[in-house]
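Numbering (my numbering), first residue to last: 11 to 142. Glycine is no exception: its CB is placed at the ideal position from the N, C-alpha and C atoms. All values derive from a computational prediction rather than experimental measurement. Structure, as structure tokens:
So, in structure tokens, the structure goes:
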């Protein structure tokens, strides 16, 4: 894998509302624009994963999260960048999502998510979300 590359640490939130989670589409001007993902972003130096998740979701979507539950870490090498993604399940949050970065977003069930072009690193997780 990307032994000579510097891993970019990233957090992603799987925000649940009933049986659906929030999916965000990468806006124009961003790498891999048009692909769907779990909202989140890069971890800043010295920042905990939970702090990064809270900051990113507040900046991107105007949401305040409470008690995120760490789920798993996934490493993926896109060739042009290597990312280490730390995913959290979130069932407690306040606010309504706002498209602060100009991104599209929607609430989807894990089944519906399969109809969207998710990022390569996120796609395998969709099957995991369907498991009881």
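* Asked: Distance, Cα to Cα, residue 103 vs residue 28?
  -> 13 angstroms
* Asked: Roughly how many angstroms separate the alpha carbons of residue 114 and residue 24, rounded to a whole number?
  -> 16 angstroms
* For residue 123, name the three-state secondary structure that DSSP assigns. => helix
* To which residues of the same chain is residue 126 closer than 6 angstroms at the C-beta, ignoring the five residues directly before and after it? -> 46
* Asked: Under three-state DSSP, which class holds residue 104?
  -> strand
* Asked: In this structure, what does DSSP give as the bridge partners for residue 79?
  -> 99
* Do you know offhand how far residue 98's Cα is from residue 79's? -> 5 angstroms
* To do: Check the C-beta distance from residue 145 over to residue 42 and give it rounded, since I have them as a contact under 8 angstroms.
  => Outside the modelled stretch of the chain, which goes from 11 to 142, sits residue 145, for which no answer is possible.
* In terms of DSSP beta bridges, what is residue 86 paired with? -> 93
* To do: Return the Cβ separation of residue 51 and residue 38 in integer angstroms, given the expectation that the two are a contact with Cβ distance under 8 angstroms.
  => Rounded, the Cβ-Cβ distance is 17 angstroms, inconsistent with contact.
* Assigned exposure category for residue 55 - 16 Cβ within 10 Å defines buried -> exposed
* **Three-state secondary structure assigned by DSSP to residue 132** => coil
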